[in-house]
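Everything on this sheet refers to the single structure shown next.
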Amino acid sequence: MNSSPRIGLARRESLWAYAFISPWILGFIIFTIGPMLASLFFSFTEYNIVDSPRWIGLTNYINLFRDELFWHSLGITFKYAIIALPLGLVFSYFIAVLLNQKITGINIWRTIYFLPSVIAGVAVALLWGRIFDPKFGILNPFLEQFGIKGPGWLADPQWAVPALVIMSLWSVGGNVIIYLAGLQGVPTELYDAAKVDGATAWQRFRHVTLPMTTPVIFYNLILGLIGTFQYFTEVYVLTNGTGNPARSTLFYNLYLYQNAFRYFHMGYASTMAWVLFLIVLVFTLLIFRSSDAWVYYEGQLRGR
Amino acid sequence: MTQSARSFTGVQGSSFILKAITTLILAAGAVIIMIPFLYLLSTAVKDRDQLRQSPPPLIPIAATTVNINGQDEPLYRVTIDGQTREMALIKNRPGGKGLFVDPANPEQTYELVIAGQTAIKHVEMHFENFPESLKQMKFNKLLINTLLVTFLGMAGMLFSCSLVAYGFSRFRAPWLNVLFILLLSTIMLPSQVRLLPTYVLFNKLGWVDTLLPLIIPQFFANAYDVFLLRQFFMTIPLELDDAAKIDGASPMQTLLFIILPQARPALVSVAIFHFLYAWNDFYEPLIYLHSPEHWTLAVGLQTFNALYAVNTNYIMAASAVMILPPIILYFLAQRIFTQGVVFTGIKG
Chain A
1 MNSSPRIGLA RRESLWAYAF ISPWILGFII FTIGPMLASL FFSFTEYNIV
51 DSPRWIGLTN YINLFRDELF WHSLGITFKY AIIALPLGLV FSYFIAVLLN
101 QKITGINIWR TIYFLPSVIA GVAVALLWGR IFDPKFGILN PFLEQFGIKG
151 PGWLADPQWA VPALVIMSLW SVGGNVIIYL AGLQGVPTEL YDAAKVDGAT
201 AWQRFRHVTL PMTTPVIFYN LILGLIGTFQ YFTEVYVLTN GTGNPARSTL
251 FYNLYLYQNA FRYFHMGYAS TMAWVLFLIV LVFTLLIFRS SDAWVYYEGQ
301 LRGR
Chain B
1 MTQSARSFTG VQGSSFILKA ITTLILAAGA VIIMIPFLYL LSTAVKDRDQ
51 LRQSPPPLIP IAATTVNING QDEPLYRVTI DGQTREMALI KNRPGGKGLF
101 VDPANPEQTY ELVIAGQTAI KHVEMHFENF PESLKQMKFN KLLINTLLVT
151 FLGMAGMLFS CSLVAYGFSR FRAPWLNVLF ILLLSTIMLP SQVRLLPTYV
201 LFNKLGWVDT LLPLIIPQFF ANAYDVFLLR QFFMTIPLEL DDAAKIDGAS
251 PMQTLLFIIL PQARPALVSV AIFHFLYAWN DFYEPLIYLH SPEHWTLAVG
301 LQTFNALYAV NTNYIMAASA VMILPPIILY FLAQRIFTQG VVFTGIKG
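So this is what it looks like as structure tokens:
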């Protein structure tokens with residue numbers, strides 16, 4: 001066999017491949033890896049956009065660890081993550097299980113439950129801001145029906161973060177859709193086999209459904225974690241970018257925004273961005289690491 | 001997604017009672033989901049007086065009034081001597097009492113305890129709030145900017161992501177798999193870590209306070225849409241490519257005339273996602289667009305609220321208008337939407 005035209009063909013194929021993916025390669029250099037390196041550089045400088053960056057070594061990092069507001073905003077973000085993430089995961093899983101039942105009108109229910117997830121953003125935040133209003137909102141009058149005196153919600157430093165959690169639960173529809181797909185991917189044979197073995201409904205759920213859907217839970221957990229650390233729009237809209245009352249909603253990303261675009265401390269904000277990146281990286285790796293212990297990969301079964 | 005719903009208890013095992021309980025819980029949840037929408041719409045059509053009702057009624061109602069001697073007085077259903085009559089309250093008296101008159105005979109007054117009577121209310125909706133609020137927030141300008149960002153960005157995204165997805169799905173080349181994993185890993189990158197230098201770059205180019213920083217990056221592909229398109233391209237039989245190749249088609253022609261027509265559902269899907277993402281996006285328009293004539297709807301609405309928060313009715317009217325296009329799109333393309341989420345998770 002003559003090998004040289006083959007090499008020529010392979011090389012031509014490679015060239016086509018690189019040509020087709022070149023928009024992304026360019027974009028990756030211009031909008032991802034380039035800026036990442038630049039922000040790493042900025043994090044060691046004092047930079048206000050107008051003057052050129054001035055190298056100050058580790059000063060930003062040292063100042064950051066001494067900055068009370070940094071720890072405060074990190075604390076709020078963790079607090080939100082610790083409440084909202086598990087609650088959202090369990091809540092949306094529960095809804096997905098219900099929406100996976102064979103009952104009449106299931107498509108109507110699905111339509112309603114997915115609806116809030118398409119309208120995220122400013123309008124939703126404004127709406128919930130009104131709902132939480134202690135005097136003219138509808139949440140506290142609703143709670144009063146059960147004899148509960150509602151708090152001031154977004155006006156109360158104690159209750160502002162819980163209010164944001166409630167708001168986030170309203171739009172879990174996106175997670176529900178992903179869980180639903182996972183639930184529908186569980187092979188029927190497994191249920192049949194479990195039934196033959198005499199498993200109860202709960203046992204079938206615990207030992208078939210739950211293990212088989214762990215990859216989807218894993219997926220939602222990772223994306224949820226990343227989303228939580230980027231939490232911004234809702235809290236910006238509801239507090240006009242202040243993070244009030246009493247800085248109780250000064251999320252990490254909001255504080256970063258203030259440093260970058262209010263005070264134009266680009267160097268300091270870059271330090272915050274990199275610290276955030278490292279935090280997210282560590283948590284993502286931890287979850288990935290832990291996944292061996294609890295995520296069941298269907299491929300092991302399907303690969304027969 | 002398969003259409004057959006499968007219960008966790010198994011198809012035959014779920015009893016009637018379990019189904020009934022499920023339906024009840026779903027119905028209760030659905031009410032909770034729908035009430036904010038109802039509140040949004042009802043607040044949007046209230047006038048100033050109606051806004052002051054606390055707690056706010058979910059149906060926009062107002063006190064029915066009647067004209068007595070040139071003054072609008074609230075109408076009550078009162079009981080006098082065992083007879084129920086409609087009367088107007090013209091004056092409050094100490095001790096929770098009030099002076100009532102019969103509109104037909106305003107001369108004769110009755111002093112009654114107000115708490116014992118029922119105020120007559122009627123449904124009153126001010127649909128003029130919609131045009132009025134849109135005018136105040138300069139909606140048309142904001143809409144044009146939003147549509148420009150959304151659709152020019154969509155064109156750039158479809159163009160670049162189709163090319164890249166094709167490159168990743170149909171060719172073999174050294175390092176291509178590594179590059180693909182690199183592409184996917186960017187999904188997990190917090191955007192802040194590249195945001196500030198990107199801002200500096202656009203600032204140097206003089207593009208800050210123009211729509212360009214929101215549109216141009218879309219021409220350089222993104223991980224979500226490339227991934228979704230690539231997964232779909234992989235399902236298109238290679239025989240079609242081969243046939244085209246035998247007919248002398250170049251790879252570019254194969255993409256244009258074989259792959260893209262076959263991939264229409266996937267293209268529609270990423271287009272819808274892009275629409276929702278660009279329509280709702282707030283962070284980047286906020287940092288890049290400074291002057292009001294360049295704002296998008298998201299920024300315009302936020303500022304409108306920051307300036308005129310007391311006009312809750314106008315804010316809610318504008319919010320209702322803003323969420324309308326995504327909702328319409330959702331109802332038109334629900335199946336595509338749900339399938340797309342399964343592929344990628346929700347963007348942004």
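The listed protein sequences correspond, in order, to chains A and B.
Numbering-wise (the working numbering), the first sequence opens with residue 1 and increments by one.
Numbering-wise (the working numbering), the second sequence opens with residue 1 and increments by one.
The C-beta atom is built at its ideal place from N, Cα and C for all residues, glycine as well.
Beta-carbon gap between residue i and residue j smaller than 9 angstroms
i: residue 296/B; j: residue 307/B; result: no
i: residue 263/A; j: residue 286/B; result: no
i: residue 320/B; j: residue 130/B; result: yes
i: residue 40/B; j: residue 316/B; result: yes
i: residue 93/A; j: residue 231/A; result: no
i: residue 146/B; j: residue 298/B; result: yes
i: residue 201/A; j: residue 167/A; result: no
i: residue 233/A; j: residue 283/B; result: yes
i: residue 95/A; j: residue 172/A; result: yes
i: residue 229/B; j: residue 162/B; result: yes
i: residue 38/A; j: residue 192/B; result: no
i: residue 331/B; j: residue 188/A; result: no
i: residue 27/A; j: residue 151/B; result: no
is_contact[residue i, chain A] using C-beta, thresh 9 angstroms
i: residue 306/B; result: yes
i: residue 203/B; result: yes
i: residue 334/B; result: yes
i: residue 311/B; result: no
i: residue 4/B; result: At residue 4/B the pLDDT is 42, less than 50, meaning the model places this residue with poor confidence; the figure from the coordinates comes in the next sentence. Interface residue, yes.
i: residue 257/B; result: no
i: residue 193/B; result: yes
i: residue 140/B; result: no
i: residue 53/B; result: yes
i: residue 33/B; result: yes
i: residue 249/B; result: no
i: residue 133/B; result: no
i: residue 91/B; result: no
i: residue 319/B; result: yes
i: residue 144/B; result: no
Limits of the unbroken alpha helix (DSSP H) element including residue i
i: residue 300/B; result: 297 to 307
i: residue 253/B; result: 251 to 254
i: residue 195/B; result: 192 to 204
i: residue 79/A; result: 68 to 99
i: residue 310/B; result: Segment: none, residue 310/B is in no alpha helix (DSSP H) and carries neither H nor E.
i: residue 272/B; result: 264 to 280
Chain B within 9 angstroms of residue i, Cβ atoms only
i: residue 157/A; result: no
i: residue 307/A; result: Because chain A here runs from 1 to 304, residue 307/A falls outside it and cannot be looked at.
i: residue 13/A; result: yes
i: residue 49/A; result: yes
i: residue 60/A; result: no
i: residue 115/A; result: yes
i: residue 110/A; result: yes
i: residue 26/A; result: yes
i: residue 70/A; result: no
i: residue 189/A; result: no
i: residue 90/A; result: no
Element boundaries [beta strand (DSSP E), containing residue i]
i: residue 101/B; result: 97 to 102
i: residue 141/B; result: Segment 139 to 170 is the alpha helix (DSSP H) holding residue 141/B; no beta strand (DSSP E) there.
i: residue 61/B; result: 61 to 63
i: residue 75/B; result: 71 to 80
Closer than 9 angstroms to chain D by CB, residue i
i: residue 30/A; result: No chain D is part of this structure, whose protein chains are labelled A and B.
Nonlocal neighbours in the same chain, by C-beta distance under 8 angstroms from residue i, ignoring five residues either side
i: residue 318/B; result: 133, 134, 137, 139, 301 and 304
i: residue 221/A; result: 85, 89 and 287
i: residue 100/B; result: 76, 78, 87, 88, 89, 90, 109, 110, 111, 112 and 117
Contact set for residue i: own chain, Cβ-Cβ below 7 angstroms, skip 5 residues either direction
i: residue 6/B; result: Summary for residue 6/B: the model assigns pLDDT 46, below 50, so the residue's position carries little reliability, and this model does not support an answer.
i: residue 13/B; result: Residue placement at residue 13/B is poorly supported in this model, since its pLDDT is 49, which falls under 50; the coordinates still yield a value, given next. Within the same chain, residue 13/B has no close Cβ partners at all.
i: residue 297/A; result: 215
i: residue 180/A; result: 96, 99 and 100
i: residue 106/B; result: 68 and 69
Same chain, Cβ closer than 6 angstroms to residue i, five either side skipped, listed in chain order
i: residue 162/A; result: none
Within 7 angstroms of chain A by C-beta, residues of the segment 155 to 167 of chain B in sequence order: 160, 163, 164, 166 and 167
What residues in the segment 272 to 303 of chain B have a beta carbon less than 7 angstroms from any beta carbon of chain A? 276, 280, 282, 283, 287, 298, 301 and 302
Near-chain A residues of the segment 102 to 127 of chain B - C-beta to any C-beta below 7 angstroms: none
Name, going along the chain, the residues of the segment 120 to 139 of chain A whose beta-carbon falls closer than 9 angstroms to a beta-carbon of chain B. 120, 121, 122, 123, 124, 125, 126, 127, 128, 129, 130, 131, 133, 135, 136, 137 and 138
In the segment 214 to 235 of chain B, which residues sit with their C-beta less than 9 angstroms from some C-beta in chain A, listed in chain order? 217, 219, 220, 221, 222, 223 and 226
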